[in-house]
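Residue numbers (our numbering): 191 to 287. The structure appears below as structure tokens.
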Amino acid sequence: MKIIKIILVIALFLIALALGAQNQETVTFNYLVAQNELPLSLLLGVVFVAAFAIAWLIFGSLYLKSTLTIRRLRKQLNKSKSQATSQSSEQLPEIKG
Numbered sequence: 191m192k193i194i195k196i197i198l199v200i201a202l203f204l205i206a207l208a209l210g211a212q213n214q215e216t217v218t219f220n221y222l223v224a225q226n227e228l229p230l231s232l233l234l235g236v237v238f239v240a241a242f243a244i245a246w247l248i249f250g251s252l253y254l255k256s257t258l259t260i261r262r263l264r265k266q267l268n269k270s271k272s273q274a275t276s277q278s279s280e281q282l283p284e285i286k287g
């Protein structure tokens, strides 16, 4: 599964490079406070890398959050199990004789 993910990422980068190589026109890019003329290939590359980085940060933080939640819940479960076993050993049944 890991190999498929790596191949998919490499394929996406190659597609981005192919699109960039085909688009050599100069375009005017308007910022909020200024504008600049850039080659379309550079603009596509920058936007692609920025979107990849933002997506990686978002999904990485979600993965980290879920991992920490799982770790916390496992500790609670282990604590509950240990308390349940200690309580059951303390409450021995009475022997009537």
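Where a beta carbon is used, it is the ideal one built from N, C-alpha and C, also for glycine.
Look at the Cβ atom of Val217, then the Cβ atom of Leu228, and state whether they are nearer than 8 Å. If you number the sequence shown from 1, residue 217 lands on position 27. If you number the sequence shown from 1, residue 228 lands on position 38. Yes, the Cβ-Cβ distance between Val217 and Leu228 is below 8 Å.
Have a look at Thr259 and Leu198 and give me their C-alpha separation to the nearest angstrom. Walking along the sequence shown from the start, residue 259 turns up at place 69. Walking along the sequence shown from the start, residue 198 turns up at place 8. Taking the straight line joining both Cα atoms gives about 29 Å.
Would you say Ala208 and Gly235 are within 8 Å of each other, going by their C-beta atoms? Numbered from its first residue, the sequence shown carries residue 208 at position 18. Numbered from its first residue, the sequence shown carries residue 235 at position 45. No.
Helix, strand or coil, according to DSSP, for Asn213 in the structure here? Position 23 of the sequence shown, counted from the first residue, corresponds to residue 213. Residue state, collapsed to three classes: coil.
What is the C-beta distance between Ser231 and Asn213, in whole angstroms, given that I count them as a contact (C-beta under 8 Å)? Numbered from its first residue, the sequence shown carries residue 231 at position 41. Numbered from its first residue, the sequence shown carries residue 213 at position 23. About 5 Å separates the CB atoms of Ser231 and Asn213; that is less than 8 Å, so the two are in contact.
May I have the straight-line CA-CA distance separating Arg261 from Ala243, to the nearest angstrom? Within the sequence shown, numbered from 1, the residue matching residue 261 stands at position 71. Within the sequence shown, numbered from 1, the residue matching residue 243 stands at position 53. As the crow flies, the alpha-carbon of Arg261 is around 27 Å from that of Ala243.
May I have a chain-ordered list of the beta strand (DSSP E) segments no shorter than 3 residues that lie completely inside the region 191-253? DSSP runs (the beta strand (DSSP E)) wholly in the region 191-253: 216-220, 225-229.
Considering only C-alpha positions, which residue in the set Leu204, Ile200, Leu233 is nearest to Glu215? Here residue 215 refers to the residue found at position 25 of the sequence shown. Taking only the C-alpha atoms, the option nearest Glu215 is Leu233.
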